[in-house]
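**Q** Before we start, here is the structure in question, set down as structure tokens.
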Amino acid sequence: MEVGWWGVLIAVLGGAIRIGTPFLFVSLGECLTEKSGRINLGLEGTLVMGAMTGYAISLHSGSPWLGVLCAGLAGMVLGALHSWICSFQRVNDIAVGIAMMLFGTGLAFFLGKPYIQPSAPRLPSIDLGGWSDIPQLQAALQINALFLVGIVVAVVLGWMLKNTAWGLKVRVVGESADAARALGLPVDRIRIMSTAMGGFLAGIGGSYLSLYYPFNWSEGLSSGQGLMAVALVIFARWQPIGCLWVSLLWGGAAALGPSLQSVGVTGGYYIFNAIPYIMTLAMMIITCSPKRTLVGVPRELTMTR
Amino acid sequence: MSVAVPQILNKALEPFLIIVGSLTVSMVLFGIFVASAGADPFEVYQTMYRAAFGTSFSWQNTLVRAAPLMLTALCTALPGYLGLIIIGGEGAVVMGGLFAAIVALTMPTAPPIVVLTTMALAGMVAGGVWLMIGGALRHYRAVNETISSLLLNYIAIALLNHLVTSTFRDPESLNHPSTHHIGEANMIGVIPGTDLHWGLVFGIVACVIAWFLMHHTVFGFASRIAGGNVRAAQVAGLPVGRLILTICFVAGAAGGLAGMLEVAAIHGRANDTLNANYGYAGILVAFVARNNPLAIIPVAVLLGGIRASSGLLQRAHELPDATVLVMQGIIFLVILFSETLYGRFAKLQKQGAS
Numbered sequence: 067m068e069v070g071w072w073g074v075l076i077a078v079l080g081g082a083i084r085i086g087t088p089f090l091f092v093s094l095g096e097c098l099t100e101k102s103g104r105i106n107l108g109l110e111g112t113l114v115m116g117a118m119t120g121y122a123i124s125l126h127s128g129s130p131w132l133g134v135l136c137a138g139l140a141g142m143v144l145g146a147l148h149s150w151i152c153s154f155q156r157v158n159d160i161a162v163g164i165a166m167m168l169f170g171t172g173l174a175f176f177l178g179k180p181y182i183q184p185s186a187p188r189l190p191s192i193d194l195g196g197w198s199d200i201p202q203l204q205a206a207l208q209i210n211a212l213f214l215v216g217i218v219v220a221v222v223l224g225w226m227l228k229n230t231a232w233g234l235k236v237r238v239v240g241e242s243a244d245a246a247r248a249l250g251l252p253v254d255r256i257r258i259m260s261t262a263m264g265g266f267l268a269g270i271g272g273s274y275l276s277l278y279y280p281f282n283w284s285e286g287l288s289s290g291q292g293l294m295a296v297a298l299v300i301f302a303r304w305q306p307i308g309c310l311w312v313s314l315l316w317g318g319a320a321a322l323g324p325s326l327q328s329v330g331v332t333g334g335y336y337i338f339n340a341i342p343y344i345m346t347l348a349m350m351i352i353t354c355s356p357k358r359t360l361v362g363v364p365r366e367l368t369m370t371r
Numbered sequence: 004m005s006v007a008v009p010q011i012l013n014k015a016l017e018p019f020l021i022i023v024g025s026l027t028v029s030m031v032l033f034g035i036f037v038a039s040a041g042a043d044p045f046e047v048y049q050t051m052y053r054a055a056f057g058t059s060f061s062w063q064n065t066l067v068r069a070a071p072l073m074l075t076a077l078c079t080a081l082p083g084y085l086g087l088i089i090i091g092g093e094g095a096v097v098m099g100g101l102f103a104a105i106v107a108l109t110m111p112t113a114p115p116i117v118v119l120t121t122m123a124l125a126g127m128v129a130g131g132v133w134l135m136i137g138g139a140l141r142h143y144r145a146v147n148e149t150i151s152s153l154l155l156n157y158i159a160i161a162l163l164n165h166l167v168t169s170t171f172r173d174p175e176s177l178n179h180p181s182t183h184h185i186g187e188a189n190m191i192g193v194i195p196g197t198d199l200h201w202g203l204v205f206g207i208v209a210c211v212i213a214w215f216l217m218h219h220t221v222f223g224f225a226s227r228i229a230g231g232n233v234r235a236a237q238v239a240g241l242p243v244g245r246l247i248l249t250i251c252f253v254a255g256a257a258g259g260l261a262g263m264l265e266v267a268a269i270h271g272r273a274n275d276t277l278n279a280n281y282g283y284a285g286i287l288v289a290f291v292a293r294n295n296p297l298a299i300i301p302v303a304v305l306l307g308g309i310r311a312s313s314g315l316l317q318r319a320h321e322l323p324d325a326t327v328l329v330m331q332g333i334i335f336l337v338i339l340f341s342e343t344l345y346g347r348f349a350k351l352q353k354q355g356a357s
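Just so you know, the protein sequences line up as chains H and E, in that order. Here this note's numbering runs 66 ahead of the position in the first sequence, where the first position is 1. Here this note's numbering runs 3 ahead of the position in the second sequence, where the first position is 1.
Structure follows, in structure tokens:
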């Protein structure tokens, strides 16, 4: 059966899931962090640190899932550090984020030097394409369990933010620190916990990179997914479910260049790679306006002030 | 007058003490870090000093790295006067280098001085316009300038990679797609008696001009008012939009010049080596220098020295080359943390005096 241009579509769908999964985790982490009123630009460092930790632990223990857990914990530590530093007066969270990005990637490269060569056990994938006899479709439907975990996290996080006392506290702190203090809520502690949990999710996103796709550990592993998370959350209007759709969109856009190449369209490879960045910028230009703030934005965020 | 002098001293003393204190704390933290990695921190610092400032050769190594940092630091420092956090230096360097190389290739027969002047202008305009996009989006659409300048970095890098692999590709650059060489005659030479190219002079002059502009002109005064309080500036009738656009253009022009110098003094072509993270390191320099253009010069030299020492650290102590990245990260975090200390010493002094 001739697949041709259908192959491009299938590859884009497969890529949406495969490339979108790390986007999903970092954006959920960033979403939770921003809901509490902080921006963590340092998730890029967290992602790289998570990738390194996951790979190293998987190699030493033989269990990729233990690697995923430890990657999350490493991310949690970095998130807590970011938020702790930001909890002091006059410390700018955006600047600290850039510093954490440098620190996290530096630390990961430093500690990860011995792990560039050896090959660690890989995270298993689930075959959902067995019913089809088109190889491209089978390949596209080889799905990692972490993607399904990510969907569950997105749904649960969205529900918890909306319906639980914990979610309400996070949102109050993100909307108005003064109101939260008047209610007797521990603003700094809630932010530190939210940022640490956000770091945990971003660390898991990193372990997906090193343990599943592209499945290696090197210094060029991340292509800025951690930085993109901030833009992605804006696109998703601070909704965890939105993060799921936008991550898939991003993953699909990133897969477009390579899959067009497979049908002979080779020009503009790098331009296709830039599509997610251009889309984010275009989206921000369209939705931002000096006359009104963004819909759904937590009002404590430095970027809206 | 007898009252004014100590006040001015106090004003300069507080940041000086806090920054020296922060650097000391960073050195202790980094010392603990390398000690836990199995190296002797004192020997590591000795090696770093030797590699960065020990000999005239290492000084040159340091200064070559410091020159682009001075220019890229201005990309963040100047908009900082307006209260904007712009991290688009990388994009300005890339665009500056790319367009400088392209214009040089369109004028094969022109004398070198004309080519170099045109390259510098093209690089500065390209970098300036690129950074100005972020400022314009901020002013007219309220788009966060940090995020937009970051996105513009990635778009600039994609544009560079696209153009050097397609339209402007030199077919002989097989493994490393690049533009054609701009011609040996068009390369910027070295400062007589040294191995240093003229970039260092450009860097220092740019910082001095920027300092003069921001601290000794009406334009700079207006910018600082707008940075302190946008509403007050608007009420006072200051053209805030024009200030933002102009400052972003000047800042980006500095970054574009850094890119032009990378092409005209080092590589001779535009390719992905332009994307060597000078932009991101420049953010660090600007923050440590607290956006003061004159303070950028020594801070850039210091950071240039740290980066120059990575090779020797690797050979002498078997520390990975990422060691200097960790050190940069630690310094950066401690310096940002120290922001919270400003004003606290003044309180102590007042209490002590009364």
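C-beta atoms are modelled at their ideal positions from N, C-alpha and C, and glycine is treated no differently.
Within this structure, are the beta carbons of residue 44(E) and residue 179(H) separated by less than 8 Å?
**A** Here residue 44(E) refers to the residue found at position 41 of the second sequence. Here residue 179(H) refers to the residue found at position 113 of the first sequence. Not in contact: residue 44(E) and residue 179(H) (Cβ atoms no closer than 8 Å).
**Q** Near residue 398(E), which residues of its chain fall below 7 Å by C-beta distance, leaving aside the five closest residues on each side in sequence?
**A** Residue 398(E) is absent from the model: chain E starts at 4 and stops at 357.
**Q** Assuming residue 163(H) and residue 140(H) form a contact by the criterion Cβ under 8 Å, report the distance between their Cβ atoms to the nearest whole angstrom.
**A** As a first step, residue 163(H) is located in the first sequence; it is residue number 97 there, counting from the start. As a first step, residue 140(H) is located in the first sequence; it is residue number 74 there, counting from the start. Incorrect: roughly 17 Å between the Cβ atoms, too far for contact.
**Q** Should residue 31(E) be flagged as near chain H, meaning a C-beta pair shorter than 8 Å?
**A** Mapped onto the second sequence, residue 31(E) falls at position 28. With 8 Å as the cut-off, residue 31(E) does not count as an interface residue toward chain H.
**Q** Do you know whose CA, among 71(E), 135(E) and 14(E), lies nearest residue 299(E)'s CA?
**A** As a working note, residue 299(E) is residue 296 in the second sequence. Nearest C-alpha to residue 299(E): 71(E).
**Q** State the DSSP-derived secondary structure class of residue 210(H), mapped to helix, strand or coil.
**A** Counting from 1 along the first sequence, the entry for residue 210(H) is found at position 144. In this structure, residue 210(H) counts as strand in the three-state DSSP scheme.
**Q** Note down, in chain order, every chain E residue with its Cβ under 9 Å from the Cβ of residue 350(H).
**A** By one-based count along the first sequence, residue 350(H) stands at place 284. Those are 140, 144, 146, 147, 150, 151 and 154, listed as they occur along chain E.
**Q** Pull the bridge partners of residue 228(E) from the DSSP assignment, please.
**A** The residue labelled residue 228(E) in the question sits at position 225 within the second sequence. Beta-bridge pairing links residue 228(E) to no other residue.
**Q** Give the straight-line distance between the Cα atoms of residue 61(E) and residue 149(E), rounded to the nearest whole angstrom.
**A** Reading the second sequence from its first residue, position 58 is the one you call residue 61(E). Reading the second sequence from its first residue, position 146 is the one you call residue 149(E). One C-alpha to the other measures close to 35 Å.
**Q** Taking residue 342(E) as the query, report the chain H residues whose CB atoms sit under 9 Å from its CB, ordered along the chain.
**A** Against the second sequence, residue 342(E) aligns to sequence position 339. The answer, in chain order, is 154, 155, 156, 157, 158 and 161.
**Q** Considering only C-alpha positions, which residue in the set 132(E), 211(E) and 164(E) is nearest to residue 152(E)?
**A** To locate residue 152(E), count along the second sequence from 1; it is residue 149. It is 132(E) whose Cα lies nearest to the Cα of residue 152(E).
**Q** Within 8 Å of any Cβ in chain E, is that where the Cβ of residue 355(H) sits?
**A** Along the first sequence, one-based indexing puts residue 355(H) at 289. Interface residue, yes.
**Q** Where does residue 204(E) land, buried or exposed, given buried means 16+ other C-beta within 10 angstroms?
**A** Locating residue 204(E) in the second sequence gives position 201, where the first residue counts as 1. Counting Cβ neighbours within 10 Å, residue 204(E) comes out exposed, since fewer than 16 surround it.
**Q** Across which residues does DSSP place residue 90(E) in a beta bridge pair?
**A** Translated into the one-based positions of the second sequence, residue 90(E) becomes position 87. Paired residue(s): none; residue 90(E) is not in a bridge.
**Q** Check residue 320(E) in the structure and name its three-state DSSP category.
**A** Translated into the one-based positions of the second sequence, residue 320(E) becomes position 317. Helix at residue 320(E).
**Q** What number of angstroms, rounded off, separates the C-alpha of residue 249(E) from the C-alpha of residue 154(E)?
**A** Position 246 of the second sequence holds residue 249(E). Position 151 of the second sequence holds residue 154(E). Cα-Cα distance, rounded: 21 Å.
**Q** Go to residue 198(E), then tell me how far its alpha helix (DSSP H) extends in each direction, as first and last residue.
**A** Indexing the second sequence from 1 puts residue 198(E) at position 195. Premise fails: residue 198(E) is in no alpha helix (DSSP H) and is neither H nor E.
**Q** Across which residues does DSSP place residue 191(H) in a beta bridge pair?
**A** Indexing the first sequence from 1 puts residue 191(H) at position 125. DSSP lists 210(H) as partners of residue 191(H).
**Q** Taking the CB atoms as reference points, tell me whether residue 249(H) and residue 237(H) lie closer together than 8 Å.
**A** Taking the first sequence and counting its residues from 1, the one referred to as residue 249(H) is at position 183. Taking the first sequence and counting its residues from 1, the one referred to as residue 237(H) is at position 171. Against a cut-off of 8 Å, the Cβ pair of residue 237(H) and residue 249(H) comes out as no contact.
**Q** By DSSP, does residue 102(H) sit in helix, in strand, or in coil?
**A** Taking the first sequence and counting its residues from 1, one reaches residue 102(H) at position 36. Residue 102(H): coil per DSSP, three-state reduction.
**Q** Compare the Cα-Cα distances from residue 401(E) to each of 160(E), 337(E) and 196(E) and report the closest residue.
**A** Here chain E comprises residues numbered 4 to 357, so residue 401(E) is not present and cannot be evaluated.
**Q** List the residues that DSSP assigns as beta-bridge partners of residue 274(E).
**A** On the second sequence, position 271 is the one that residue 274(E) refers to. Answer by DSSP bridge pairing, in chain order: 181(E).
**Q** Just the chain A side, please: which residues come within less than 8 Å of residue 339(E) by C-beta, in chain order?
**A** Although the question refers to chain A, the structure presented lacks it and instead comprises the protein chains H and E.
**Q** Counting only the same chain and skipping the five closest in sequence on each side, list residues whose C-beta sits under 7 Å from that of residue 42(E).
**A** In the second sequence, the residue the question calls residue 42(E) occupies position 39. Cβ within range, chain order: 320 and 322.
**Q** Since residue 171(H) is in the alpha helix (DSSP H), which residue starts that stretch and which ends it?
**A** For the purposes of this step, residue 171(H) is taken as residue 105 along the first sequence, with counting starting at 1. Run containing residue 171(H): 159-178, per the alpha helix (DSSP H) assignment.
**Q** State the CB to CB distance for the pair residue 216(E) and residue 223(E), rounded to an integer number of angstroms; the pair is presumed to be in contact (CB under 8 Å).
**A** Taking the second sequence and counting its residues from 1, the one referred to as residue 216(E) is at position 213. Taking the second sequence and counting its residues from 1, the one referred to as residue 223(E) is at position 220. Yes, residue 216(E) and residue 223(E) are in contact; Cβ-Cβ is about 5 Å, under 8 Å.
**Q** Should the stretch 97-115 of chain H be called in touch with the stretch 286-305 of chain H, which here means at least 3 C-beta pairs below 8 Å?
**A** They touch, by the three-pair rule.
**Q** Hey, could you find the ends of the alpha helix (DSSP H) residue 265(H) is sitting in?
**A** Taking the first residue of the first sequence as position 1, residue 265(H) is located at position 199. Run containing residue 265(H): 253-277, per the alpha helix (DSSP H) assignment.
**Q** Only counting the same chain, and skipping five residues up and downstream in sequence, which positions put a Cβ closer than 8 Å to that of residue 147(H)?
**A** Counting from one through the first sequence, the residue named residue 147(H) turns up at place 81. Cβ within range, chain order: 166.
**Q** Taking 8 Å as the CB-CB limit, is residue 241(E) close to chain H?
**A** Residue 241(E) sits at position 238 when you count from the first residue of the second sequence. So, not an interface residue.
**Q** Comparing C-alpha positions only, which one of 81(E), 202(E), 314(E) and 292(E) sits nearest to residue 25(E)?
**A** Working through the second sequence from its first residue, we reach residue 25(E) at position 22. Looking at the Cα atoms, 292(E) is the closest of the given residues.
**Q** Taking C-alpha atoms, which residue in 217(H), 241(H) and 80(H) lies nearest to residue 195(H)?
**A** As a first step, residue 195(H) must be located in the first sequence, where it is residue number 129. The residue with the shortest Cα to Cα distance from residue 195(H) is 80(H).
**Q** Could one say the Cβ of residue 164(E) lies closer than 8 Å to chain H's Cβ atoms, at least one of them?
**A** Start at 1 with the first residue of the second sequence, and residue 164(E) comes out as number 161. It does: the Cβ of residue 164(E) has a partner Cβ on chain H nearer than 8 Å.
**Q** Return the residue from the list 346(E), 339(E) and 330(E) that minimises the CA-CA distance to residue 35(E).
**A** The residue labelled residue 35(E) in the question sits at position 32 within the second sequence. Residue 330(E) is the option with its Cα nearest to residue 35(E).
**Q** Can you find at least 3 beta carbon pairs, one from the stretch 150-163 of chain H and one from the stretch 265-283 of chain H, that sit closer than 8 Å?
**A** Short answer: they don't touch.
**Q** Near residue 77(H), what residues of its chain come up, given a Cβ to Cβ distance below 8 Å and the 5 sequence neighbours on each side ignored?
**A** On the first sequence, position 11 is the one that residue 77(H) refers to. Cβ neighbours of residue 77(H) beyond the five flanking positions: 202, 206, 321, 324, 325 and 328.
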